[in-house]
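Chemist: Heads up: the sequence shown is residues 1 to 310, going by the working numbering.
Each residue gets a CB set at the ideal place from its N, CA and C atoms; glycine is no exception.
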Amino acid sequence: MKHFLSIYDHTKEELLEIFDLAIKIKKEAKVKNYIPYLQHQSLGMLFEKSSTRTRISFEVGIHQLGGQGLFLSSNDLQLGRGEPMKDSARVMGRMIDMIMIRTYEQKTLDEFAQFSGVPVINGLTDKYHPVQLMADYLTMIEQSKTENPVVAYIGDGNNMTHSWMMLAGKLGFELRIATPKGREPWQEIIDDAKELSDISGAKITYMNDPKEAVLGADVVTTDTWISMGQEAEKEAKVKEFAGYMVDMEMMKLAKDDAIFLHCLPAYRGYEVSEEVLEHYADIVFDEAENRLHAQKGIMVWLEGHRNKDG
Ligand code: CP
Ligand code: NVA
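#1: So, at 7 angstroms on beta carbons, what are the nonlocal neighbours of Y165 in its own chain, with the 5 sequence-adjacent residues on each side left out?
#2: Assuming V151 and D218 make a contact with CB atoms under 8 angstroms, what is their CB distance in whole Å?
#3: Compute the minimum distance between the beta carbon of Q132 and the heavy atoms of the ligand CP, and state whether it is under 8 angstroms.
#4: When you compare the CB positions of Y270 and V220, do they come within less than 9 angstroms of one another, or not?
#5: Tell me where the alpha helix (DSSP H) around E174 begins and ends.
#6: Give every residue of the same chain whose Cβ lies closer than 6 angstroms to the Cβ of D156, excluding the five residues on either side of it in the sequence, and list them in chain order.
#7: Quick check on T103: does DSSP put it in helix, strand or coil?
#8: So what's T52 in DSSP terms, helix, strand or just coil?
#9: Just to check my reading of the structure: T125 and N159 have Cβ atoms closer than 8 angstroms, yes? What is that Cβ distance to the nearest angstrom?
#10: Using a 10 Å radius around the Cβ and a threshold of 16 neighbouring Cβ atoms, would you call A89 buried or exposed?
#11: Would E287 be called buried (16 or more neighbouring beta carbons within 10 Å of its own) or exposed?
#12: Quick one: which unbroken alpha helix (DSSP H) runs of 4-plus residues sit fully inside the segment 106-187? Chain order, please.
#13: Determine whether the beta carbon atoms of H3 and A113 lie at a separation below 9 angstroms.
#14: To which residues of the same chain is V60 closer than 7 angstroms at the C-beta, ignoring the five residues directly before and after it?
#15: Tell me which residues share the same chain as M228 and place their Cβ nearer than 7 angstroms to its Cβ, disregarding the 5 neighbours each side in the sequence.
#16: Could you pull out every residue in the same chain whose Cβ sits closer than 6 angstroms to the Cβ of P36, ignoring the five residues on either side in sequence?
#17: I'd like the list of long-range same chain contacts for V300, defined as Cβ closer than 6 angstroms, with 5 residues on each side in sequence excluded.
#18: Relative to the alpha-carbon of V120, which residue among V31, S6, Y280 and D256 has its alpha-carbon at the smallest distance?
#19: Just the C-alpha distance for E13 and V284, rounded to the nearest angstrom, thanks.
#20: Roughly how many angstroms lie between the CA atoms of G172 and L79, to the nearest whole one?
#21: If you drop the 5 nearest sequence neighbours on each side, which residues of the same chain put their C-beta closer than 6 angstroms to that of G117?
#22: Taking 8 angstroms as the cut-off, is the beta-carbon of K181 closer than that to any non-hydrogen atom of the ligand NVA?
#23: Going by Cα to Cα distance, which pick from N33, S57, Q41 and G216 is closest to I313?
#24: Is it true that the CB of M45 sits closer than 9 angstroms to the CB of I99?
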């Protein structure tokens with residue numbers, strides 16, 4: 001049995017298998033051919049943080065695969081009143097076939113996976129957002145940006161940055177990360193990315209100048225400066241990130257046919273200008289839709305491995 005807790009845990013071949021499945025399932029869904037790969041199965045969706053895309057895409061995704069989604073908010077569960085995560089995991093694993101979790105610490109997710117007895121999917125932690133990266137790369141495949149792309153990530157060194165680092169490290173593409181001083185990715189992730197790059201040939205570089213990162217890039221991407229749980233830091237962070245907004249002037253430094261990606265929600269006037277978001281809206285909202293298709297690929301792939309591995 002396998003889980004989907006981080007990109008780091010999977011081989012390049014496994015990731016490519018998931019993309020192939022997602023592309024096939026998307027093609028079928030586009031002609032309303034919803035094949036019940038997960039008929040009668042239940043997906044638990046446990047949220048300790050807010051969500052629009054993750055909740056909708058998983059709930060609709062499992063439904064289109066012939067199963068049922070259960071939205072489980074920690075506010076309403078005994079978990080929110082102190083029932084241990086490992087007990088919640090064992091209870092859910094007895095009744096539910098697959099579980100997606102959005103939580104704070106990666107170790108909470110790891111503990112859940114250790115006790116659940118069923119495949120667990122990371123729906124975002126403070127460390128990683130791997131399902132988002134699967135949708136982002138699916139969008140890059142559709143936009144033909146996958147052969148040796150140069151990706152520039154501008155902004156906060158956060159769960160999205162870390163996930164880009166893992167994906168670049170596994171697939172072997174160039175990733176330039178521009179953050180303000182003191183907002184770099186975590187050192188343990190930098191170390192892991194280096195280990196992966198030594199194998200895959202990825203080129204991952206870190207800088208403080210966003211213009212340097214964007215120069216000649218194929219893909220420019222960013223994320224909110226204030227991740228969930230960091231609301232108290234807003235005033236200080238907004239000052240630190242002056243000059244890091246992706247605007248049209250910055251996009252002009254990238255290749256002429258460069259694309260802009262954003263995991264959303266976007267905060268216009270902060271990490272991205274209104275003009276950039278609207279100019280690239282077709283791609284950004286394809287990216288949002290691809291959450292649905294990529295995650296269906298992940299769920300079907302996990303189910304295939306449960307049968308294979310017993
Ligand atoms: N991108 C993303 O995960 O969006 P939600 O927080 O709305 O799920
Ligand atoms: N970095 C953001 C991503 C939201 C999808 C957060 O963790 O809030």
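Modeler: A quick look at the data gives this:
#1: Looking at the sequence itself, residue 165 is Met, so the reference to Tyr does not match. L175, P185, I189, A193 and I204, listed in sequence order.
#2: 7 angstroms
#3: yes
#4: no
#5: Run containing E174: none in the alpha helix (DSSP H); it sits in the beta strand (DSSP E), E174 to A178.
#6: R183 and W225
#7: coil
#8: coil
#9: 7 angstroms
#10: buried
#11: buried
#12: 106-116, 130-142 and 159-171
#13: yes
#14: L292
#15: K49 and S50
#16: G66
#17: L21 and Y37
#18: S6
#19: 26 angstroms
#20: 40 angstroms
#21: G93
#22: no
#23: Past the edges of the chain, shown from 1 to 310, lies residue 313, and the structure says nothing about it.
#24: yes
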